[in-house]
Each structure stands twice: as structure tokens, then as C-alpha cells.
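Protein chains in written order, with the numbering used here: chain A, 64 to 285; chain B, 1275 to 1492.
Cβ coordinates follow ideal geometry from the N, Cα and C atoms, glycine included.
Small disclaimer: the values here were computed from a predicted structure and weren't measured.
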Amino acid sequence: MGYSFDFGAIAGYAGLFLQGAGITLGLIAIAAILSLFISIGGAATALWGAKWARGLVMAYVEAIRNTPFIVQMFFIFFGLPSLGLKLTAMTAAVIAVTVNLTAYCIEIMRAGIESVSPGQREAGLALGLHPIWVFVSVILPQAIANVYPALVSQIILTMLESAVVSQIAVMDLTHVADLIQSRNYRTFEAYFVVAVIYLVMAICLRRVMARAGQRLFAGRAR
Amino acid sequence: MIELSLADILSFLLLAARWTVLLSVIAFVGGGIGALLLLLLRYARPRFGSGFMRVYVEFFQGTPFLLQLFLIFFGLPKLGMDVSPLMAATIGLTLYASAFLAEIWRGCVDAIPRGQWDASASLGMNFIQQMRDVILPQSLKIAIPPTVGFLVQLVKNTAVTSIVGFHELTKAGNVINNATFQPFITYSLVALIYFAMCFPLTFWSRRLERRLTPTGHR
Chain A
64 MGYSFDFGAI AGYAGLFLQG AGITLGLIAI AAILSLFISI GGAATALWGA KWARGLVMAY
124 VEAIRNTPFI VQMFFIFFGL PSLGLKLTAM TAAVIAVTVN LTAYCIEIMR AGIESVSPGQ
184 REAGLALGLH PIWVFVSVIL PQAIANVYPA LVSQIILTML ESAVVSQIAV MDLTHVADLI
244 QSRNYRTFEA YFVVAVIYLV MAICLRRVMA RAGQRLFAGR AR
Chain B
1275 MIELSLADIL SFLLLAARWT VLLSVIAFVG GGIGALLLLL LRYARPRFGS GFMRVYVEFF
1335 QGTPFLLQLF LIFFGLPKLG MDVSPLMAAT IGLTLYASAF LAEIWRGCVD AIPRGQWDAS
1395 ASLGMNFIQQ MRDVILPQSL KIAIPPTVGF LVQLVKNTAV TSIVGFHELT KAGNVINNAT
1455 FQPFITYSLV ALIYFAMCFP LTFWSRRLER RLTPTGHR
């Protein structure tokens, strides 16, 4: 059986690809920002919280890290409405990606906070700074600087994993490929082009974030 | 809508979970062999193989696993091959696992001091002997914890193969959900079974890691 590849059949859909890539990037951007903030609180709780709160955070982290993302997403998209919480596909996707990413970020953030030497905290307290201010302005910047590369690769990994949200009909990049191949039967071409777009996005994101990291944390990271 | 008792649902899921386990084992063995080949290619001289490994790893680590699976499931038939969901899942997971394992093990081989290569070369060993008798046995010790950690990721990734219609645990969950309309219970049980498979691995990997750190083997 002969089959000739025809990437020309795909070229007309450039606008759709762009739109899908925008949704994928937007989804991961929202999730990443939310996750970073939540995980700071989560990591602090895991380190210094009350015993029950610490247990709760650790149980959450372990539960998420040891189950597949797609099951978490189905649970949120199909399971929560059955409890009376109606969600659109996009909201469910944002929640699922955030819930997933936060668990990993808590672990990373905790390692970062632990990597800051205790002398920093003691010095801050000795200067009469409020403990919360010591955490925010002394410990946290150094902690984030130390684990910044790990955070970046986790965010990129999660972006790639978010391709699965196309299965609950979020119009992300993968869903665009599904759509195009259902119109012109060019399955391989559509998925190949989208795979390459993901690859380019992952490489660019890594570069840009590494650059931003150098600017943001000049001289801070160990 | 069909009424199923909790025991029925659970036994149906557990039967499907056998496929998840089997698929993980196949992918790990296949991926291990693939990674070993990639490593040999990477370190053999002349070094034309290292560029290939870089591109291979970059592609499989830089694209979603779902799309790799689609490319195999929809792409190979166009080249005239008949691909069942099981075969697509096996090929996809094997290629994926070999990229990640090769990258993990490369780090472990690189951690072996340069002097070990030089010393074994000066004893007149050829490349295969160096790898087999000197380098790999030493890297093995530091490679085990991250490899076990990756196994967790592999088990979780088998869930994605449900999308191309392979009947494993997640797919079984979808089937039951479609029949009973009890998504909350169904997906809780599915998650619980995955947790029961992954958590022991996570725990084991962490213990192995702790055992390694005090000796300062880095």
C-alpha cells in the first residue's frame, strides 16, 4: 500500500495551530502561577505546620504523585459534577493541571527552603525582623533561586502532560490535531506537526526561563 | 444505567489492572534494553552515536507521550503495518522509556571518574570489556534509586494508552463509569489501585536513595 505524505494539506490550518498553542500556553501559565503561590504555603506548612496540617499536605502530595494525571482529570471533570459542582471543560482542566503541578512544586519548594542555611534565618531574626518577613524576604528568594531549574523542568513536563486535556474537549494544541485529522484524514501529518510545535515550545520555554532565571537570581543561587 | 455492586466494580478494575502491570513490565524491560543500546552508542568510539542519542532523547522528552502514541497508532498503519492498541502501547512505552532511562543512566555513567576509563584502557580492555567489567557495575549502584523512581512515572504513563483504546485500568474505569454513572466512586477506586501500585515503588526508591547518600557517592 502506497501512502504519500502531504504536509501541504495541513498548511492551511496555521491559524488553528496558533490558537491551540495559545490555549496550551495559557493553561500552563495560569496553572504555574497558581501552583507557585499555593506551593509556597504548602511547603511552609509541610515544614512548620501543626502535625495534622503537615500530615494533610503530605497525604495530598503523595496521592497526586502516585496516580496518573489523566485519572485525576477524569475524577475532577466527571466526579465533581456528580457531587453538584458543575465545571466547564476549561475550568476542570485548569483545576486538574494546577492540582497536579502544585503537588510536585510543594516537594521542590520544600527542598529549596531546606537548602537555605539556618544561619540566614537566625541572622534575620537577630536583626529584629518579624518571622514572617524573614521567611518572605530572606529565606524564600534564596530557596526559589536554588530550586529554580527544577521548577522550570517540572512546569515544562506538566505542559507536555497537559496534552491529555484534549480528551475532555479542551481546545488545546492536541485537540487541534484531532480536529484537523477528522476533517482531512491526514492523521500522521497533523500529529507530527503538533508534536514538533510542542518540541519547539518546550525548548523555547526552557531557554526563556533559564534566561529569566539568570536575570532574576543573579548572584543568589548557590 | 446498570447497577453494579462495589465488589463487582472492584473485581472488574483489578482484572484490568493486570494489563497495567504487564504493560509496565514490558515497557521497563524493552526500555531498559533500548536505553542500554543508546548508551553503548553514546560512549562507543568514533562518537557518531552521541548526536543521535541527543536528538532521540530531546524528541521523546520534549513532546507529549500522548502524541508519540498517536504517531505510532495512526502513523504506522500508513506505512502498511497493522497496529493493535496493545502493540502501539508497547512500542510507544518502550521508545519513551528508553529515552528517559538512557538519560538517567548517562548521568550515572558520567559520574564515574575519568580515571576508571583510563585505567581499564591501559589494562588493554576493549570498549565492551570496559563497559561490562568496570563502568556499568559501578554506575549500577547509583543508578538504581532514580530508575525505580522512573518506574513510577512509567506505570502512570500506561494510563495514557487507554486513549488509543487499550483496555487497561483507566479504560476499565471509563467503561464502568459509562455503565453505572458513578464517576466519583469509580475514579476513586481507579486512583486507589494506581496508588497501591506506585506508592511502594516511591517508598522503595526513597529508601534506596537515603541508603546511598551518607556514603557520599555522588
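Positions along the stretch 140–165 of chain A whose CB lies within less than 9 angstroms of some CB in chain B: Cβ contacts with chain B come from Phe140, Phe141, Gly142, Leu143, Pro144, Ser145 and Leu146.
Would you call Val124/A buried or exposed, if buried means 16 or more other Cβ atoms sit within 10 Å of its Cβ? Taking the first sequence and counting its residues from 1, the one referred to as residue 124/A is at position 61. Only buried fits Val124/A, as 16 or more other CB atoms lie within 10 angstroms of its CB.
Check each candidate in Ile1450/B, Ala1373/B and Val1438/B and name the one with the smallest Cα separation from Ala1362/B. As a working note, residue 1362/B is residue 88 in the second sequence. The option with the nearest alpha carbon to Ala1362/B is Val1438/B.
Within the same chain, show all residues whose beta-carbon is closer than 8 angstroms to that of Thr1364/B, passing over the 5 residues directly before and after it, in chain order. Position 90 of the second sequence, counting from 1, holds the residue named residue 1364/B. Once the five neighbours on either side are set aside, the close Cβ partners of Thr1364/B are Leu1297, Ile1300, Ala1301 and Gly1304.
My output table needs one value for Asn247/A: the three-state DSSP class, helix, strand or coil. Working through the first sequence from its first residue, we reach residue 247/A at position 184. Three-state DSSP puts Asn247/A in a helix.
Uninterrupted beta strand (DSSP E) stretches inside the stretch 169–245 of chain A (no shorter than 3 residues): Within the stretch 169–245 of chain A, no complete beta strand (DSSP E) run reaches 3 residues.
I need the straight-line Cα distance from Leu99/A to Arg1406/B, nearest angstrom please. As a position in the first sequence, residue 99/A is number 36, starting the count at 1. As a position in the second sequence, residue 1406/B is number 132, starting the count at 1. So the two alpha carbons sit approximately 44 angstroms from each other.
Segment limits, alpha helix (DSSP H) that includes Ala1465/B: The residue given as residue 1465/B occupies position 191 in the second sequence. Ala1465/B -> alpha helix (DSSP H) spans Pro1457 to Leu1486.
Using alpha carbons as the reference points, say which of Ala174/A, Ile169/A, Phe198/A and Ala94/A lies closest to Gly182/A. For the purposes of this step, residue 182/A is taken as residue 119 along the first sequence, with counting starting at 1. Per the C-alpha coordinates, the member of Ala174/A, Ile169/A, Phe198/A and Ala94/A positioned closest to Gly182/A is Phe198/A.
With 16 other Cβ atoms within 10 Å as the buried cut-off, status of Thr151/A: Your numbering for residue 151/A matches position 88 in the first sequence. Per the 10 Å Cβ criterion, exposed.
Taking Cβ to Cβ, would you say Thr221/A is nearer than 9 angstroms to Leu164/A? As a first step, residue 221/A is located in the first sequence; it is residue number 158 there, counting from the start. As a first step, residue 164/A is located in the first sequence; it is residue number 101 there, counting from the start. Cβ atoms of Thr221/A and Leu164/A: closer than 9 angstroms.
Determine the extent of the alpha helix (DSSP H) in which Ala1453/B is found, giving its start and end residues. Within the second sequence, residue 1453/B is the residue found at index 179, counting from 1. Element bounds for Ala1453/B: Leu1443 to Thr1454.
Could you check what DSSP says for Asn1431/B in three-state terms: helix, strand or coil? Walking along the second sequence from the start, residue 1431/B turns up at place 157. Helix, per DSSP.
For Asn1451/B and Gly1323/B, what's the separation of their Cα atoms in angstroms? Taking the second sequence and counting its residues from 1, the one referred to as residue 1451/B is at position 177. Taking the second sequence and counting its residues from 1, the one referred to as residue 1323/B is at position 49. Straight-line Cα distance between these residues: approximately 48 angstroms.
Is the CB of Leu1297/B under 9 angstroms away from at least one CB in chain A? If you number the second sequence from 1, residue 1297/B lands on position 23. No - not a single Cβ of chain A is within 9 angstroms of the one on Leu1297/B.
Alpha carbon to alpha carbon, what distance is there between Arg1380/B and Leu1315/B? On the second sequence, position 41 is the one that residue 1315/B refers to. On the second sequence, position 106 is the one that residue 1380/B refers to. Between the C-alpha atoms of Leu1315/B and Arg1380/B there is a straight-line separation of about 11 angstroms.
With respect to the alpha helix (DSSP H) encompassing Gly1366/B, which residues constitute its N-terminal and C-terminal limits? Residue 1366/B sits at position 92 when you count from the first residue of the second sequence. Run containing Gly1366/B: Pro1359 to Asp1384, per the alpha helix (DSSP H) assignment.
Contacts that Ile1437/B makes with chain A (C-beta to C-beta distance below 7 angstroms): For the purposes of this step, residue 1437/B is taken as the residue at position 163 of the second sequence. The contacting residues are Gln230.
Looking at C-beta atoms only, is the number of pairs between the stretch 1366–1386 of chain B and the stretch 1305–1313 of chain B that lie closer than 8 angstroms three or more? These segments touch.
Taking only beta-carbon positions, decide if Asn247/A is within less than 9 angstroms of chain B. Numbered from its first residue, the first sequence carries residue 247/A at position 184. At a cut-off of 9 angstroms, the C-beta of Asn247/A has no neighbouring C-beta in chain B.
Are the Cβ atoms of Val162/A and Ile219/A separated by less than 9 angstroms? Along the first sequence, read from residue 1 onward, the residue named residue 162/A stands at position 99. Along the first sequence, read from residue 1 onward, the residue named residue 219/A stands at position 156. No, they are not a contact pair.
Chain-order list of residues whose beta-carbon lies under 6 angstroms from that of Thr1444/B (same chain, five-residue window excluded): Working through the second sequence from its first residue, we reach residue 1444/B at position 170. Same-chain partners within the cutoff: Ala1433 and Ser1436.
Quick check on the DSSP output: the alpha helix (DSSP H) that includes Ala107/A runs from which residue to which? As a working note, residue 107/A is residue 44 in the first sequence. Looking at the DSSP string, the run of the alpha helix (DSSP H) that includes Ala107/A is Ala77 to Trp111.
Going along chain B in order, which residues have a C-beta closer than 7 angstroms to the C-beta of Ala226/A? Counting from one through the first sequence, the residue named residue 226/A turns up at place 163. Neighbourhood of Ala226/A in chain B, by CB distance below 7 angstroms: Pro1338, Leu1340 and Leu1341, in chain order.
Out of Ile96/A, Phe140/A and Asp235/A, which one is the CA nearest neighbour of Gly78/A? As a first step, residue 78/A is located in the first sequence; it is residue number 15 there, counting from the start. If we check each option's Cα against that of Gly78/A, Asp235/A comes out closest.
Exposure label - Val1331/B; buried when at least 16 CB within 10 Å: To locate residue 1331/B, count along the second sequence from 1; it is residue 57. By the beta-carbon neighbour count (other beta carbons within 10 angstroms, threshold 16), Val1331/B is buried.
Can you say whether Pro1457/B is buried or exposed, counting buried as having 16 or more other CB atoms within 10 angstroms of its CB? As a working note, residue 1457/B is residue 183 in the second sequence. Burial call: buried.
Nearest-angstrom Cβ-Cβ length linking Ala226/A and Pro1338/B, presumed shorter than 8 angstroms: As a working mapping, residue 226/A is identified with position 163 in the first sequence. As a working mapping, residue 1338/B is identified with position 64 in the second sequence. Right, their Cβ atoms sit about 3 angstroms apart.
Determine the DSSP secondary structure at Thr151/A, reduced to helix, strand or coil. Numbered from its first residue, the first sequence carries residue 151/A at position 88. DSSP places Thr151/A in coil when its eight states are reduced to three.
Using 9 angstroms as the limit for Cβ to Cβ distance, is Asn209/A near chain B? Looking up residue 209/A in the first sequence gives position 146. Under the 9 angstroms criterion on CB atoms, Asn209/A is classed as non-interfacial with respect to chain B.
Answer yes or no: does any C-beta atom of chain B fall closer than 9 angstroms to that of Val259/A? By 1-based counting over the first sequence, the position of residue 259/A is 196. Yes, Val259/A lies at the interface with chain B (some Cβ there is under 9 angstroms from its Cβ).
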